[in-house]
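Read left to right, the sequence shown gives residues 9 to 293 (this note's numbering).
Each residue gets a CB set at the ideal place from its N, CA and C atoms; glycine is no exception.
Note that this is a predicted model, so its numbers are computed, not measured.
The structure under discussion appears below in the form of structure tokens.
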Amino acid sequence: MRSDGYARSRAASLSRRDFETVRGLVKEHAAIVLEPGKSYLVEARLTPIAQSLRAESLASLVETLRTTPFGSLHARVVDAMTTNETSFFRDLHPFEALRKAIVPEILRRREVERKIHVWCGASSSGQEPYSIAMLLHEHFPQLRDWSVVLIATDISEEMLERARAGRFSRLEVSRGLPAPLLVRYFERAGAEWKLAEEVRRMVTFRTLNLVKPWPPLPPLDLVFLRNVMLYFDLEARREILGRIRRALQPDGYLFLGAAETTLHADDAFERVAVERSWAYRVRRS
Ligand SMILES: C[S@@+](CC[C@H](N)C(=O)[O-])C[C@H]1O[C@@H](n2cnc3c(N)ncnc32)[C@H](O)[C@@H]1O
9 MRSDGYARSR AASLSRRDFE TVRGLVKEHA AIVLEPGKSY LVEARLTPIA
59 QSLRAESLAS LVETLRTTPF GSLHARVVDA MTTNETSFFR DLHPFEALRK
109 AIVPEILRRR EVERKIHVWC GASSSGQEPY SIAMLLHEHF PQLRDWSVVL
159 IATDISEEML ERARAGRFSR LEVSRGLPAP LLVRYFERAG AEWKLAEEVR
209 RMVTFRTLNL VKPWPPLPPL DLVFLRNVML YFDLEARREI LGRIRRALQP
259 DGYLFLGAAE TTLHADDAFE RVAVERSWAY RVRRS
């Protein structure tokens, strides 16, 4: 570990050109738009990488990015520039909508096929798909003899690895997770809490970059794509919403983050109120 002096004297000196290089890289590979003025953020996120590689300076790290073809260092930098903020049952209302209205509706509509397909498209460290898995396990025991496919994807390998491990810090389980669910589905593992195997194995984690070609997805009943498109420009949002529209079942639901909307990006979606939440459905023409 280098001292803070390293950070101050060498790392915190990103030139405008270096900032533009990183900005171009994350825009091209993840569609994330870094506003001008976010130089401090790039410095903060790249300094640990420069330190771990014993790079001479941030400038030399960025020079390597500039002069070599896209590879593991570039992927690591893109990964470092993602924002991974998440929590269990984030915003609560979408989960209440699932419990009170949407899952009961799916149970009725799919009672013959007995299949339900759910996709979380930016699952970060796993709290969102695991919240859905716990909700299904806890409130819908009849789903145990259904085929329940819960796919969770993210661009960040680091987040996917953490999510697959199903281990959460005390702070993470104190955010949004109701105490009875903590008691029922987690056990202490040193300083962490380990999620029960029966919930962990309900979720399959995969790498998926939303702005690159997607691997095949099954016809989806439910899509959670929350708090990720707000980092993208309109063109990327439009493209992603179009692909979701084609992947959704005609009676499927899309949930976006509280600050996100399909409005002006894809008018083929309509916003519907479900309990105390908003969801999106493909308009019937
Ligand atoms: C703020 S978190 C949201 C997590 C969760 N959906 C929630 O609402 O709590 C955003 C996630 O989007 C992922 N992400 C960013 N750009 C992406 C891209 N181009 N493709 C797939 N995932 C991306 C990040 O790695 C991060 O884990």
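Opening and closing residue of the beta strand (DSSP E) in which Thr-75 lies: The count along the sequence shown starts at 1 and reaches residue 75 at position 67. First-last for Thr-75: 66-75, but that is the alpha helix (DSSP H), not the beta strand (DSSP E).
N-terminal and C-terminal residue of the alpha helix (DSSP H) that Leu-168 is part of: Stepping through the sequence shown from its first residue, residue 168 is reached at position 160. That run of the alpha helix (DSSP H) goes 165-173.
Neighbour-count burial assignment, Thr-270, 16 or more Cβ in a 10 Å radius: Taking the first residue of the sequence shown as 1, we reach residue 270 at position 262. Result: buried.
Leu-203 - containing beta strand (DSSP E), residue span: Taking the sequence shown and counting its residues from 1, the one referred to as residue 203 is at position 195. Its beta strand (DSSP E) spans residues 200-203.
Arg-53 and Leu-42 closer than 8 Å at C-beta: One-based indexing of the sequence shown puts residue 53 at position 45. One-based indexing of the sequence shown puts residue 42 at position 34. For Arg-53 and Leu-42, no; Cβs fall outside 8 Å.
Continuous beta strand (DSSP E) stretch holding Ala-58: start and end: Counting from 1 along the sequence shown, the entry for residue 58 is found at position 50. Per DSSP, Ala-58 belongs to no beta strand (DSSP E); it is in the alpha helix (DSSP H), 47-60.
Rounded separation between Glu-278 and Gly-265 - CA only: Against the sequence shown, residue 278 aligns to sequence position 270. Against the sequence shown, residue 265 aligns to sequence position 257. C-alpha separation (whole angstroms): 15 Å.
Limits of the beta strand (DSSP E) - the one that Ala-109 falls within: By 1-based counting over the sequence shown, the position of residue 109 is 101. Run containing Ala-109: none; DSSP gives neither H nor E here.
Closest residue to Asp-153 among Arg-253, Glu-195, Pro-224 and Met-210 (Cα-Cα distance): Counted from its first residue, the sequence shown places residue 153 at position 145. For Asp-153, the nearest C-alpha among the options comes from Met-210.
For Val-86, three-class secondary structure by DSSP: Within the sequence shown, numbered from 1, the residue matching residue 86 stands at position 78. Helix at Val-86.
Continuous beta strand (DSSP E) assignments of at least 3 residues falling wholly in the stretch 138-163: 155-162
Enclosing beta strand (DSSP E) for Leu-233 [first to last residue]: Taking the first residue of the sequence shown as position 1, residue 233 is located at position 225. Boundaries of the beta strand (DSSP E) around Leu-233: 228-233.
Coarse secondary structure for Phe-78, derived from DSSP in three states: Residue numbering aside, residue 78 sits at position 70 when the sequence shown is read from its first letter. Here Phe-78 sits in coil by DSSP.
Test item: CB-CB of Leu-22 and Val-50 under 8 Å: Here the question's residue 22 lines up with position 14 in the sequence shown. Here the question's residue 50 lines up with position 42 in the sequence shown. Contact: yes.
beta-carbon Ala-267 near ligand 1 non-hydrogen atom, thresh 7 Å: Position 259 of the sequence shown, counted from the first residue, corresponds to residue 267. Answer for Ala-267: no, Cβ out of range of ligand 1.
His-125 - containing beta strand (DSSP E), residue span: The residue given as residue 125 occupies position 117 in the sequence shown. Counting along the chain, the beta strand (DSSP E) containing His-125 begins and ends at 123-128.
Three-way DSSP call (helix, strand, coil) for Arg-192 in this model: Taking the first residue of the sequence shown as 1, we reach residue 192 at position 184. Of the three classes helix, strand and coil, the one that applies to Arg-192 here is helix, per DSSP.
For Leu-242, the first and last residue of its enclosing alpha helix (DSSP H): For the purposes of this step, residue 242 is taken as the residue at position 234 of the sequence shown. Start and end: 242-255.
As assigned by DSSP and simplified to three states, the class of Val-219: Counting from 1 along the sequence shown, the entry for residue 219 is found at position 211. Three-state DSSP puts Val-219 in coil, outside helix and strand.
Unbroken alpha helix (DSSP H) run spanning Glu-180, endpoints: Residue numbering aside, residue 180 sits at position 172 when the sequence shown is read from its first letter. Residues 178-181.
Ligand 1 heavy atom lying under 7 Å from the CB of Glu-136: The residue you call residue 136 lines up with position 128 of the sequence shown. Yes, since a heavy atom of ligand 1 falls inside the 7 Å radius drawn around the Cβ of Glu-136.
For Phe-97, three-class secondary structure by DSSP: As a position in the sequence shown, residue 97 is number 89, starting the count at 1. It is coil, neither helix nor strand.
Where Ala-63 falls: helix, strand or coil (DSSP): Position 55 of the sequence shown, counting from 1, holds the residue named residue 63. Looking at Ala-63 - three-state DSSP - the assignment turns out to be coil, as it is neither helix nor strand.
Three-state class that DSSP yields for Ala-276 in the structure shown: Here residue 276 is taken as the residue at index 268 of the sequence shown, counted from 1. Ala-276 falls in the coil class under three-state DSSP.
Inter-residue spacing [alpha-carbon to alpha-carbon] between Glu-195 and Val-120: Locating residue 195 in the sequence shown gives position 187, where the first residue counts as 1. Locating residue 120 in the sequence shown gives position 112, where the first residue counts as 1. C-alpha separation (whole angstroms): 37 Å.
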